[in-house]
Structure formats: structure tokens, C-alpha cells
Amino acid sequence: MWEEPCISGEHGSGTVFFSGCNMGCVFCQNKEISRGEVGKVITTERLVEIFFELQDKGANNINLVTGDIFIPTIKTAIEIAKNRNIKIPFLLNTSSYIEVGTLKMLDGLIDIYLPDFKYIREQDAVRYSKAKGYVDVARAAIDEMVRQHPRCEFGADNGKENLIKKGVVVRHLLMPGMLIQAKMIVKYLYDKYGDNIFISLMNQYTPNGQLQDYPEIDRKVSERDYKSLIEYAASIGVVNGYMQVGETAKESFIPSFDCSGV
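Given below as C-alpha cells:
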């Protein structure tokens, strides 16, 4: 699974996937887990043990993926782990379709937020992700994340100051035919937060073979569109950002879910 260099570093991110998702993205690359088709029920104590096992393996952080619907359990597990002096940061990898009140529960517990900002046009959020009200919810959610961590802080990895320890990295996945929307999102984020956040622009959109009713997105993103997005971000002054290089839109970049480590 691709992660930004400031998250992965040289030792990798300790990823914990949660089954289920509060969105219904028709293009989802991880449907077997987002629809709850795979997974294993565990106790809060076992979740805490997993955190420490990942730390013992050398992970740079604990990366909580699609945990939005399990926040009360996650909150308790993090509190226990921190009381037991876990050393590495906790990261919430989220769709941003999450209420501000829920995020406030995590204030002081989540060190790094890794939100997606998928859409800035409501009609697309409804059509492709069945997420009514997504734009307003996501804007408010990212606002709260930045309130908790107004700027990014970095620490050493193998002697280099390149691992994020606290802060917000906002992702946007460029989708076919949505270059204008992507540029609107970049402009919104940079105008509002400037260099206080990092913006990560991804080109790894991969059609999942189930998009017969959505032919307009049943293809990969063109290199021309992605290059245009990167050039636009640079032209408006974005410095703190990440881009993807090489061929990332392929199935090898989609993780398999075999419950290993659970």
C-alpha cells in the first residue's frame, strides 16, 4: 500500500485495517474490506497488543485505516496504549466523512491525520460515493484536524529529519474526467491552510471492473491530466506536497486482506 515518504520512512507504517466503511464508493479498490466481507472480531485489548506488536517490528507509526465507524473503540485502545508508554505516533487514515464531534474525541490522541478530500462538488459525492453532504462534512472535519495540529512537526528517521510526528496530510485521488474539480480542491486547501498542511496528489485510481453504470470513470487517469494537476499546484505556490511517479494504477498497489497479524 502506497504511503507518503514522511509516513513510511525507511521502516514502514504499521497499518491496521478496519472492516466496514460509511461511504459507498462505486470505484472502491478495497471492497472486500470496506463492505465488511472479510475481517476478524477482536477485543480492545487485542487491538492494543497489535499496536505494540507493530511497534516491536519497527513501524514508524500506527496507521488506522477506515476506522471512522470504530472511533469509541479506537479511542479506548489508544488511551490504554499511551498509558503503557507506546512510543510511536498514531495516524488516522480517513475519508473525511466524519463528524467534528467524533474528531474532538480524538483530540490529544491522534498525532497525525491523513484525510482524503475526495470531492468539492456535492453531485459527484452523491453519484460516486453515496455520500450526501460530503463536501460540508469534509471541510468541517479537515478544519478540526488542523485546529488540533496547526502545523506539521517532523522527527528523525535514520538520522534524517523526514518523518512526520504531528500534523495533517490531505490526500486527493485524481479521478478520470475530474481535473477541474481536483484543481479546485488544491486551490481551496492551499488558500485556506497554506504551508501548514501537506497536500498529497495521487494518480493511482484503478477501475475495479464493476463500473458498467459509470462509464465516464471506467478508465485510468491520463498522464496529461495528472501532470496538469501537479503543474497547477506548483503554479499557485504549493511547496509542501507529494506526487506519485511511475505506474501506480495497477492491482499490485491494492493490498490483499488475509487477516495476517490479527
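In terms of my numbering, the sequence shown is numbered consecutively and its last residue is 463.
A virtual CB, placed ideally from N, CA and C, is assigned to each residue, including glycine.
As the structure is a computational prediction, the values presented were derived from the model and not from experiment.
query: Distance, Asn294 Cα to Asn331 Cα; result: Checking the sequence, you will find Lys at residue 331 rather than Asn. Approximately 20 Å, taken between the alpha carbons.
query: Whole-angstrom C-beta distance between Phe252 and Ile263, which should lie under 8 Å; result: 5 Å
query: Beta-carbon gap between Asn441 and Asp396 smaller than 7 Å; result: yes
query: Stretch pair the region 328–342 + the region 283–291: three plus CB contacts closer than 8 Å; result: no
query: Cβ-based burial, Thr244 [other Cβ within 10 Å; buried from 16]; result: exposed
query: Close Cβ partners of Gly268 (< 6 Å) along its chain, the five nearest in sequence each way excluded; result: Phe219 and Ile275
query: Same chain, Cβ closer than 6 Å to Asp426, five either side skipped, listed in chain order; result: Leu380
query: Integer-rounded CB distance, given that Leu248 should sit under 8 Å from Ile278; result: Correcting the residue identity first, residue 278 is Ala in this sequence and not Ile. Indeed they touch by this definition, with Cβ atoms about 4 Å apart.
query: Nearest to Asp308 (by Cα), restricted to the options Pro273, Lys288, Phe318 and Ser296; result: Pro273
query: Neighbour-count burial assignment, Pro290, 16 or more Cβ in a 10 Å radius; result: buried
query: Residue burial classification, Arg372 (beta-carbon count within 10 angstroms, cutoff 16); result: buried
query: Helix, strand or coil at Asp396 [DSSP, three-state]; result: helix
query: Residues that Val370 bridges to, as DSSP identifies them; result: Phe399
query: Close Cβ partners of Lys288 (< 8 Å) along its chain, the five nearest in sequence each way excluded; result: Gln256
query: Sub-7 Å separation of Ile418 and Met376 beta-carbons; result: yes
query: Reduced DSSP secondary structure (H/G/I, E/B, other) of Val301; result: helix
query: Limits of the unbroken beta strand (DSSP E) element including Asn284; result: No beta strand (DSSP E) contains Asn284, which is instead part of the alpha helix (DSSP H) from Ile272 to Asn284.
query: Contact check, Val422 vs Tyr391, beta carbons under 7 Å; result: no
query: Burial state of Gly302, where buried means 16 or more other Cβ atoms lie within 10 Å; result: exposed
query: Same chain, Cβ closer than 7 Å to Val347, five either side skipped, listed in chain order; result: Val369, Tyr394, Asn397 and Ile398
query: Beta-carbon proximity check, Val338 vs Tyr298, cutoff 7 Å; result: yes
query: Residue span of the beta strand (DSSP E) that contains Ile343, given as start and end; result: That residue, Ile343, is in no beta strand (DSSP E); its alpha helix (DSSP H) goes Tyr335 to Gln349.
query: Boundaries of the beta strand (DSSP E) in which Gln267 is found, first to last residue; result: It is Thr, not Gln, that sits at residue 267 in the sequence shown. Element bounds for Thr267: n/a, residue is neither H nor E.
query: Ser436 burial status per 10 Å Cβ neighbour count (16 or more: buried); result: exposed
query: Neighbourhood of Ser453 by C-beta, 7 Å cutoff - its chain only, sequence neighbours within 5 removed; result: With a pLDDT of only 35 at Ser453, under 50, the local geometry of the prediction cannot be trusted, and the value read off the model is given with reservation. Nothing meets the Cβ criterion.
query: Helix, strand or coil at Pro290 according to DSSP, with G and I counted as helix; result: coil
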